[in-house]
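Here is the structure we will look at.
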């Protein structure tokens, strides 16, 4: 029987993959994609908790929809930033963007 | 004026001479010789006031409120200053003892002051002289009325200072300056004893108040050495002031001062202080039989030695000085034998006739301008009043029946007779010597041939201002003793009767004093009046004895020898030690050591403090910064990585804590 634990386990794996991607991708676009995976992991958690702990109240679904909406907006802003960065420094690799190095 | 106001205002007796002193000293240029009258008025006031008090106490009309000490007393004191929780006081203590002493002091001071107006006329510093006399009187009165040992000690030291000032008054003469220093130093050395006594008193008895002391000593148990050493130390101070052997050396030299000042010193203000101290704190002496024996024997030895030294003195004032030392020995012996009131009785009668003797001597010296009795002689016709009054005083001091000295000396002999027969015989012998040398001085000065015609020719009787005090004192010398004796004697006054040995009408004592008087006088008359050349033969015959006496048992030489042979080497050694060891080794060594230390300290400062700690801090921070800056790589991902690590560890921690 598939229960809450399995969903949370799936959310955890997805979050870990997303986090790993954020930390390890050199390409900003890849990082943005990894962030999308993180959002989805969180969305799965919300839905799973809603389903198994408070089945009658659809707040979890609502939040998930907001997260998807926000993810779309974030992707737009993020890609716009990527374009702006690329236009300025001719690169999309984050390790090159070290203006704040001490 | 009621009796209590007499007592309450009694402090003015003491303050009046002080005011006179300040006024005379401040305005001596303006007042001139009139300054003396300011002092005389102040002293006359003191005399009248204290006379009223003494009479009031004597006939019982003056009520002394407090019980204790020697019968009743009046005390009023004020806090002077406070140290810790101990309050030092200044106050008045009036009882029979201090009242009679007040009369003695003010009387003699007043007469001396009046006498001096004539005697000191023409002296370049007479204003200063009268100021000193008043300061002297003030100091003595301060001592007499003191209700605590500290105030007494202050008066004591002031008295010593004033005697120094007056003895060395004619400081142009080297001998006077020397005598002043000698008196000051000798008494000062003795004062160390008194000072030690005061320290022990304060440490063990815990108070300076005299009534309180007498209560403490009576009611509490103290270690024996404390009870013994307190009176002995105090007595050492008294020995210095009252010129007891071996501290007597200053008094014969003290005649270098103006003669009226000598009268003051010998009769009332200086030497009486020692006897008065012993009488004032007699309860301390009574507590220790050893101390009483010391007092008695020192007194007896002093009496005998001084009397023998007086036998051969050629200076008229020196004879009187030795007689003072001898009579003081009498008083001390009386006190030591427990004869409290007889000692004080002799003190007061002695004050009268000794002041008279010195003032007479002053009158003679004033007339003949020499102290040497060998240059006098035959002055009876030239200055009859002086001669007669001197004779009266001589009779009194020699113990002619019914004069004052007869009664007081007989009482002392009686006390000694009941206490210790050896002391009695020695004192009787001294009385014989006293009669001898006093009549010797009278015969040499006033009778026989004029040995120096020039001097004899110019001699003249003194003016009334000088003879007046002489006559008054002569009357006192004659009748004071009889007055006391027929009023039931002085014990009634001093309220110490229970402690005196009962001693009346003993034929042995009467005979002893009469024989002493008659033999002494007869010998003097025989040697110096009927067979004047006889003394030279005697001096040759007993040459060794004569030499010892003339050289005053070589006390001065002994002290000088001590100073040269013991004191100076010790001092030189100390100086040498001080220079060679303390200065050159210890002090300079300290310098070298300090230099070494400062060198080490300098190195430490330079290398440890400056380089290691101050600079090191900067360097450390600099290096640290080099390492720490690497964290700030500018890579957003690495920041995020650390953030994730942090967040994860916080979550792990939280899950552990909150379960």
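Residue numbers (this note's numbering), protein chains in the order written: chain V, 1 to 102; chain F, 1001 to 1659.
Even glycine gets a Cβ: it sits at the ideal position worked out from N, Cα and C.
Note that the structure is predicted; figures quoted are calculated from it, not measured.
Residues of the segment 35-68 of chain V with a Cβ closer than 7 Å to any Cβ of chain F: none.
Taking a contact to require three or more Cβ pairs closer than 8 Å, the segment 1227-1237 of chain F and the segment 1158-1169 of chain F do not qualify as touching. Membership of residue 1092(F) in the beta strand (DSSP E) is indicated by the continuous run 1086-1094.
In terms of beta-carbon proximity, residue 98(V) lines the interface with chain F, with at least one pair separated by less than 8 Å. If you check the CB distance, residue 1115(F) and residue 1465(F) come in under 8 Å. Residue 1454(F) counts as exposed, since fewer than 16 other C-beta atoms from the protein chains shown sit within 10 angstroms of its C-beta. A Cβ of chain F is located within less than 8 Å of the beta carbon of residue 22(V).
In its chain, beyond the 5 residues on either side, 1104, 1108, 1267 and 1268 have a beta carbon closer than 6 Å to the beta carbon of residue 1351(F). Excluding sequence positions up to five before and after residue 1361(F), its CB lies within less than 7 Å of the CB of 1259, 1316, 1317 and 1320, all in the same chain and listed in chain order.
For residue 1410(F), there is no enclosing beta strand (DSSP E); the residue is part of the alpha helix (DSSP H) that begins and ends at 1404-1419. Put simply, the backbone Cα of residue 1425(F) is about 51 Å away from that of residue 1083(F). With contacts defined as CB atoms closer than 8 Å, residue 1245(F) and residue 1281(F) fail to qualify as a contacting pair. The Cβ-Cβ distance between residue 1408(F) and residue 1520(F) does not fall below 8 Å. Within chain F, the residues placing a beta-carbon under 8 Å from that of residue 95(V) are 1635 and 1637, ordered along the chain.
Taking the Cα of residue 1335(F) as reference, the smallest distance to any Cα among 1420(F), 1383(F), 1357(F) and 1398(F) is reached at 1420(F). Per DSSP, the beta bridge partners of residue 1072(F) are 1067(F). In this structure, DSSP gives residue 1081(F) an extended state, which the three-state scheme calls strand. In summary, residue 1377(F) is buried, with 16 or more beta-carbon neighbours lying within 10 Å of its beta-carbon over all protein chains present. Within the segment 1639-1658 of chain F, those residues whose Cβ lies closer than 7 Å to any Cβ of chain V are, in chain order, 1640, 1641 and 1644. Pairing residue 1440(F) with residue 1524(F) gives a Cβ-Cβ distance under 8 Å. Between residue 85(V) and residue 28(V), the gap from beta carbon to beta carbon is short of 8 Å.
For residue 19(V), the C-beta contacts it makes with chain F under 8 Å involve 1644, in order along the chain. For the options 1397(F), 1375(F) and 1035(F), the alpha carbon positioned closest to that of residue 1458(F) is the one of 1375(F).
Relative to residue 1343(F), the option among 1565(F), 1272(F) and 1065(F) whose CA is nearest is 1272(F). Secondary structure within the segment 1139-1194 of chain F: the alpha helix (DSSP H) runs of 4 or more consecutive residues, fully enclosed, are 1149-1167 (chain order). Residue 1398(F) places its beta carbon 8 Å or farther from that of residue 1447(F).
When secondary structure is reduced to three states using DSSP, residue 27(V) falls in the strand class. Judged by DSSP secondary structure, residue 1572(F) falls within the alpha helix (DSSP H) whose first and last residues are 1568-1577. Within the segment 1422-1478 of chain F, the complete alpha helix (DSSP H) segments of 4 residues or longer fall at 1453-1458, listed in chain order. Distance from residue 1158(F) to residue 1263(F) at the Cβ level is roughly 19 Å; contact not present, criterion being Cβ atoms closer than 8 Å.
The Cβ-Cβ distance between residue 1337(F) and residue 1423(F) falls below 8 Å. Proximity of the segment 1148-1157 of chain F to the segment 1197-1214 of chain F meets the contact definition, three or more beta-carbon pairs being nearer than 8 Å. In this model, residue 1428(F) and residue 1512(F) are separated by some 6 Å (Cα to Cα).
With fewer than 16 other CB atoms across the displayed protein chains lying within 10 angstroms of its CB, residue 1124(F) is exposed.
Residues 1066, 1091, 1092, 1093, 1094, 1147 and 1211 of the same chain have their beta carbon placed closer than 8 Å to that of residue 1075(F), with the five preceding and five following residues left out of the count.
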